Amino acid sequence: MFDLKGKTALITGASRGIGRAISEAYCEIGIHVAGIARDITPIKDMENSQSYSGNFKGYTCDISVGKNVKETISEVLKDFGQIDILINNAGITRDTLLVRMSEKQWDEVLAINLKGAFNCTRNIVRPMLKNKFGRIINIGSVVGIMGNTGQANYVASKAGLIGLTKSTAQELAKRNITVNCIAPGFINTDMTEKLSEDIKDQMKKSIPMNRFGSPQDVASLALFLASDEAGYITGQTITVDGGMIMN
Ligand code: NAI
Numbered sequence: 004m005f006d007l008k009g010k011t012a013l014i015t016g017a018s019r020g021i022g023r024a025i026s027e028a029y030c031e032i033g034i035h036v037a038g039i040a041r042d043i044t045p046i047k048d049m050e051n052s053q054s055y056s057g058n059f060k061g062y063t064c065d066i067s068v069g070k071n072v073k074e075t076i077s078e079v080l081k082d083f084g085q086i087d088i089l090i091n092n093a094g095i096t097r098d099t100l101l102v103r104m105s106e107k108q109w110d111e112v113l114a115i116n117l118k119g120a121f122n123c124t125r126n127i128v129r130p131m132l133k134n135k136f137g138r139i140i141n142i143g144s145v146v147g148i149m150g151n152t153g154q155a156n157y158v159a160s161k162a163g164l165i166g167l168t169k170s171t172a173q174e175l176a177k178r179n180i181t182v183n184c185i186a187p188g189f190i191n192t193d194m195t196e197k198l199s200e201d202i203k204d205q206m207k208k209s210i211p212m213n214r215f216g217s218p219q220d221v222a223s224l225a226l227f228l229a230s231d232e233a234g235y236i237t238g239q240t241i242t243v244d245g246g247m248i249m250n
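Counting from 4, one number per residue, gives the positions in the sequence shown under this note's numbering.
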């Protein structure tokens with residue numbers, strides 16, 4: 004297994020689904036995890052749960068607000084001394100066809116999914132530069148590559164994350180900081196739970212493996228990308244999608 008014991012990771016959207024699975028996988032191998040979420044209760048429960056081996060500490064923060072992110076990251080740095088790994092995972096959907104999409108639905112999704120990642124990255128890069136080590140992992144989506152009906156706001160935010168990944172990777176490559184994007188396909192979480200059975204069946208037909216993935220499938224790649232073994236991989240978007248997209 005990868006030797007990441009004693010490293011510190013900041014994970015946004017840590018309270019549920021993919022962020023929670025990455026938190027669990029990281030804590031299990033001795034990474035200290037600072038987990039950000041909007042609601043306090045689930046992350047406080049995680050602090051007290053055996054599954055996180057005493058390595059999890061929760062913080063509430065709305066990542067779309069730059070000032071809040073700056074304050075939260077200062078608090079995390081005070082508590083842990085360093086942040087080695089950043090997982091920009093928090094994301095929301097506000098699905099509807101473009102003609103019906105309100106400015107509010109557009110702004111909310113872009114503010115959390117894309118600006119939130121920018122806010123976290125910008126505030127974490129300086130301490131990573133000082134430490135001469137860093138792993139930044141953005142959680143995108145296959146739809147950011149393919150497009151998807153009824154998700155113009157979400158798809159634009161995820162395509163934007165791929166661009167953010169490439170630019171940040173180029174700026175930081177010489178400093179031993181890698182930046183990559185994981186693009187999951189359909190993963191069983193609260194986000195996909197709300198889809199109708201009809202839509203789920205339709206989606207399964209577009210997946211060669213004919214099933215949805217699990218949050219742990221995404222966590223496995225997040226573990227590898229954080230490791231020394233992945234040190235020569237940067238600026239990439241890697242899909243975890245049961246074969247939906249084959250380049
Ligand atoms: P989820 O809905 O289960 O969890 C979202 C998390 O984000 C929660 O912890 C929530 O507290 C946090 N969050 C939301 N708004 C926030 C804000 N303003 N500030 C701080 N935290 C906030 O989501 P899920 O399914 O685990 O998805 C995680 C990421 O993976 C998202 O970026 C999503 O777009 C992406 N993804 C998910 C797929 C899926 O099939 N579930 C497929 C492709 C990508």
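By construction, the Cβ of each residue, glycine as well, lies at the ideal position given by its N, Cα and C atoms. Since this is a predicted model, take the numbers as computed values, not measurements.
With 16 as the cutoff for other CB atoms within 10 Å, does S67 come out buried or exposed?
In the sequence shown, the residue the question calls residue 67 occupies position 64. S67 should be labelled buried.
Is DSSP giving F59 helix, strand or coil here?
Working through the sequence shown from its first residue, we reach residue 59 at position 56. Three-state result, F59: strand.
For the candidate residues S56, L7, V79 and E31, whose alpha-carbon lies nearest to that of T15?
Translated into the one-based positions of the sequence shown, residue 15 becomes position 12. The option with the nearest alpha carbon to T15 is V79.
In or out: E196 buried (at least 16 other Cβ within 10 Å) or exposed?
Counting from 1 along the sequence shown, the entry for residue 196 is found at position 193. It is exposed - the Cβ of E196 has fewer than 16 other Cβ atoms within 10 Å.
Do you know offhand how far K70's Cα is from I95's?
Taking the first residue of the sequence shown as position 1, residue 70 is located at position 67. Taking the first residue of the sequence shown as position 1, residue 95 is located at position 92. Going by the C-alpha atoms only, they are around 20 Å apart.
Nearest by alpha-carbon distance to V102: which of V146, Q154 and L113 is it?
One-based indexing of the sequence shown puts residue 102 at position 99. Considering only alpha carbons, the answer is Q154.
Please report the residue range of the beta strand (DSSP E) in which G38 lies.
Counting from 1 along the sequence shown, the entry for residue 38 is found at position 35. Counting along the chain, the beta strand (DSSP E) containing G38 begins and ends at H35 to A40.
So, are the CB atoms of T242 and N183 less than 8 Å apart?
Residue numbering aside, residue 242 sits at position 239 when the sequence shown is read from its first letter. Residue numbering aside, residue 183 sits at position 180 when the sequence shown is read from its first letter. Not in contact: T242 and N183 (Cβ atoms no closer than 8 Å).
Which residue comes first and which comes last in the alpha helix (DSSP H) that contains I21?
Position 18 of the sequence shown, counted from the start, is the residue given in the question as residue 21. Counting along the chain, the alpha helix (DSSP H) containing I21 begins and ends at G20 to E31.
Under DSSP, the beta strand (DSSP E) around G119 begins and ends at which residues?
In the sequence shown, the residue the question calls residue 119 occupies position 116. Note, G119: premise wrong, no beta strand (DSSP E); alpha helix (DSSP H) at G119 to N134.
Is it true that the CB of A225 sits closer than 8 Å to the CB of I90?
Here the question's residue 90 lines up with position 87 in the sequence shown. Here the question's residue 225 lines up with position 222 in the sequence shown. Yes, the Cβ-Cβ distance between I90 and A225 is below 8 Å.
Quick one: which unbroken beta strand (DSSP E) runs of 3-plus residues sit fully inside the region 146 to 192? Chain order, please.
List check, beta strand (DSSP E) in window: 180 to 187.
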